[in-house]
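*Asks:*
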Amino acid sequence: MLKEISKELSNSSYWMSTQTIAWCLKAVGAFAGNEKRGEIRFTYSYNGKEVSANTELPVAQVNLPINGLAAGALKFSNESKGVLFVRVITEGVPARGAEESAESNLSLTINYQDTDGNAIDPSQLEQGKEFVASVTVRNPGVRGNYKNLAINQIFPSGWEINNLRLEGTEERLSGDKPTYQDIRDDRVYTYFDLGANQTKTFKVLLTASYAGSYYLPAVSCEAMYDHSIYARIKGQVVEVVKKLTP
């Protein structure tokens, strides 16, 4: 049973909810607490530097000295009496301009309009201009209904988010209503469900406030508990230009 739980926890084809993970770990912890175990002993080398380590705890964690984007070689040797399960976990943020547009089981588009609904190019906006970022998400229907989707929008520092909830003027924007929307200083997180073959559009009112050149990060949407469902539109450089005086 323990191996089955471990196998499911390590399955990268889908994500479990926080509650499911908690109960799995609680079961593993109860087993580990009653199991007689010996000392964990192992050696590892990263880029040729060998290190020996040991612990009486059921889990050992090592931070590798990663040097930026340089490639590295890792070698691991188990010197314990039992079997050790090793995982290498890496994470990072793509460099500016290095993101790529991609989609999997989900369609995502973003358009920008002025307050009259006319399409505009966000790459160059006049200072003081109000405009709308309109994100449309479509479920192609292959995987049925989707639950717990999240849109992640981060805006450049030269743009300001107009939080219509604070002004009590939410009726200024049409579009679908999310399950919940978290509006912060420089970003908006939108949470919602999406039925099979259904399309929803969510809008954010913005102002091009500060003159200068900025980077608009990628816009993404993903299922919070299934990372095989996602879509992403790469970022771009945008500019806010000073308003010309007549």
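Count along the sequence shown from 1, then add 86; that gives the number in the numbering used here. Every residue gets a Cβ at the ideal spot worked out from N, C-alpha and C, and that includes glycine.
With a 10 Å radius around its C-beta and 16 neighbouring C-beta atoms as the bar for buried, classify I152 as buried or exposed.
*Replies:* Exposed, by the Cβ-count rule.
*Asks:* Tell whether a beta-carbon distance below 8 angstroms holds between G203 and A294.
*Replies:* Against a cut-off of 8 angstroms, the Cβ pair of A294 and G203 comes out as no contact.
*Asks:* Give a yes or no on whether the C-beta atoms belonging to G321 and Y300 are separated by under 8 angstroms.
*Replies:* No. Outside cutoff.
*Asks:* Going along the chain, which residues of its own chain have a beta-carbon closer than 7 angstroms to the beta-carbon of N133, five neighbours each way excluded?
*Replies:* Only G158 and A159 meet the Cβ criterion.
*Asks:* Compare the C-beta of S314 with all C-beta atoms of chain B and state if any pair is closer than 8 angstroms.
*Replies:* Reference to chain B is not applicable here, since this structure consists of a single protein chain.
*Asks:* Taking the CB atoms as reference points, tell me whether I91 and A113 lie closer together than 8 angstroms.
*Replies:* In contact: I91 and A113 (Cβ atoms closer than 8 angstroms).
*Asks:* Grab the span of the alpha helix (DSSP H) containing R251 for me, first residue to last.
*Replies:* Residues L250 to E253.
*Asks:* Buried or exposed: where does A116 fall if 16 or more other Cβ atoms within 10 Å of its Cβ makes it buried?
*Replies:* Exposed.
*Asks:* What is the rounded straight-line gap between the Cα of S103 and the Cα of D312?
*Replies:* Answer to the nearest angstrom: the Cα atoms are 9 angstroms apart.
*Asks:* Assign A317 to buried or exposed, taking buried as 16 or more other Cβ atoms, counted over all protein chains shown, within 10 Å of its Cβ.
*Replies:* Classification of A317: buried, given that the 10 Å Cβ count is 16 or more.
*Asks:* Quick check: K289 and A219, are their CB atoms within less than 8 angstroms of each other?
*Replies:* Yes, the pair counts as a contact, with Cβ atoms nearer than the cut-off.
*Asks:* Considering only C-alpha positions, which residue in the set I237, K135, N97 and P242 is nearest to I196?
*Replies:* Closest by alpha carbon: I237.
*Asks:* Per DSSP, what kind of secondary structure is E257 in: helix, strand or coil?
*Replies:* Correct three-state label for E257: helix.
*Asks:* Going by other Cβ atoms of all chains shown within 10 Å of its Cβ, with 16 needed for buried, is A309 buried or exposed?
*Replies:* When all chains shown are included, A309 counts as buried.
*Asks:* Using three-state DSSP, classify K112 as helix, strand or coil.
*Replies:* If DSSP states are grouped into helix, strand and coil, K112 belongs with the helices.
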